[in-house]
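J.:
In the working numbering, the protein residues as written are 639 to 777.
Right, dumping it as structure tokens:
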């Protein structure tokens, strides 16, 4: 379809003016829609509605294979990869692939040498939080 409304900051285009205005809040940082329970604020009502499911416990997206349910459709889609075996996130350095982006990010630390978890007692650093937790038992 036609997308005649273009964002002057990033070049992304939209089918109508109201969609462009909503998008531009990303750049301005404007967050009009606030959650009364947590105080968090969002750029559009749909984000607020998704967030509020955390408080209401509503999980409208259910996996047809195992029955597990989720607050957001994107979480269901990611979960379904467990059943399909799909691994869409590939390491550019070694080619290993992963089910979730978080797994790829953790894996890439092997290549970058990043060790973000540091022991406060001895200063030793670790790639994974679980490794730090295991290490702390030795003190």
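For glycine and all other residues, C-beta sits at the position ideal for the given N, C-alpha and C.
Is the beta carbon of residue 752 within less than 6 Å of some heavy atom of the ligand SAH?
T.: With respect to the ligand SAH, the structure shown offers nothing to examine, as it has no ligands at all.
J.: Confirm, please, whether the CB-CB distance from residue 714 to residue 699 is below 7 Å.
T.: In this structure, the beta-carbon distance from residue 699 to residue 714 falls below 7 Å.
J.: Which residues share a DSSP beta bridge with residue 672?
T.: 679
J.: Does DSSP classify residue 663 as helix, strand or coil?
T.: helix
J.: Is the region 754 to 763 touching the region 729 to 744 in the sense that three or more CB pairs, one from each, lie closer than 8 Å?
T.: The answer is no - the region 754 to 763 does not touch the region 729 to 744, with fewer than three Cβ pairs under 8 Å.
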